[in-house]
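Residue numbers (the UniProt record's numbering): 1 to 261.
Just so you know, even glycine gets a beta-carbon here, dropped at the ideal spot from N, CA and C.
Only a predicted model underlies this, so the values are computations on that prediction, with no experimental measurement involved.
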Amino acid sequence: MWLHTRCDLTFDFAVPTPLILMLRPRSQAHQWVARETYELSPGVHAFEFTDTYGNRCQRLTAPPGAFAIATTADVRVADTAGAAPGAPFVDIETLPDDVLIHLLPSRFCESDRFGRMAAEIAAGCALGYDQVAAITAWIRAGVRYEPGTSDVPITAIDVNQRRAGVCRDLSHLGIALCRGLSIPARLGVGYLHGLVPMDMHAWFEAYVGGRWHVFDATQAGPVAGYVAVGYGRDAADVAIFNQFGPPANTTTQEVAVSRID
């Protein structure tokens, strides 16, 4: 399917403020970006670089006062959810080098604390995809999805104690549980067609059967229509914007995803 994505951000800065943005999706195996627009108002000089995880990032300094960022993209993604029950666990010694980092504990995903719990949740499942599916189903049933309730990331331990959170928080718990079973897992951030309420979205992906697969405990089951903007170990790696200096006032954030085929 072809999707049109839009993200409009407006800020009010008191002083010149350095920003690092992550707002450009990249073409990859399951996602083709055919057209993009990226507008800054007022216009400032910007630089782009690729981070450790292959994400497109933009550096700039916003002037004092009102500052707006408007992005759109036309992206082709898979028509189906791509579930793969039975996809096998990949032995650690055969994992690609760039996947290994996604086995380790990270700031918001303390996977070294979740091994026993993950084993209990996935007991009796075939190693690999079926274990991750069991983890996702357990989170969906036992952790409340409460969109819009928090702008501050919390750790997997906190999510497990609260049993509630936003999409990012549920994903952190899923990642920690997967890594507790030595299954590589990463956070994805971007857009989801049909998301209610519409906003930027986070999910997690697990590396089984020789490739990354999407899992999302906020949805009733596997769905299609994801457009990835960034990947990382957890939310510390994939903020759509980081600003440095005095706190900024984000005056608006508007997100839209529509089907165009």
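Legend entry - Pairwise C-alpha distance: V15 and P105: Each residue's alpha carbon lies about 37 Å from the other.
Inset, instruction - Would you grab the beta carbon distance between V189 and V238 for me? Rounded to a whole angstrom, and I think it's under 8 Å. - result: With 8 Å as the limit, V189 and V238 qualify as a contact, their Cβ atoms being about 4 Å apart.
Legend entry - Selection from F13, C57, Y38 that minimises the alpha carbon distance to M22: Closest option to M22, Cα to Cα, is C57.
Inset, instruction - Can you tell me the Cβ-Cβ gap for R186 and G232, rounded? I've got them flagged as a contact below 8 Å. - result: For R186 against G232, the beta-carbon gap comes to about 7 Å, under 8 Å, which counts as contact.
Inset, instruction - Please state whether DSSP places N160 in a helix, a strand or coil. - result: Helix, per DSSP.
Legend entry - Stretch-stretch touch, CB-based, cutoff 8 Å, three pairs: the stretch 73–92 with the stretch 117–133: Flag = yes, the stretch 73–92 and the stretch 117–133 touch.
Legend entry - Ordered list of alpha helix (DSSP H) runs contained in the stretch 21–66, each at least 4 residues: Every candidate alpha helix (DSSP H) stretch fails here, since none sits fully inside the stretch 21–66 while reaching 4 residues.
Inset, instruction - Using a Cβ-Cβ cut-off of 8 Å, state whether P147 counts as contacting chain B. - result: Among the chains in the structure shown there is no chain B, since it carries only a single protein chain.
Legend entry - For L195, the three-state DSSP class (helix, strand or coil): In this structure, L195 counts as coil in the three-state DSSP scheme.
Inset, instruction - Alpha carbon to alpha carbon, how far is I175 from A202? Give it in angstroms, no decimals. - result: If you draw a straight line from the Cα of A202 to the Cα of I175, it is about 12 Å long.
Legend entry - Separation of T155 from A137, as counted between CA atoms: The straight-line gap from Cα to Cα measures roughly 20 Å.
Inset, instruction - Compute the distance between the beta-carbons of Y38 and R26, then report whether it is under 8 Å. - result: No, the pair does not count as a contact, with Cβ atoms beyond the cut-off.
Inset, instruction - Would you mind listing the beta strand (DSSP E) stretches within the stretch 66–113 that are 3+ residues and don't spill past its ends, in chain order? - result: Qualifying beta strand (DSSP E) stretches: none in this window.
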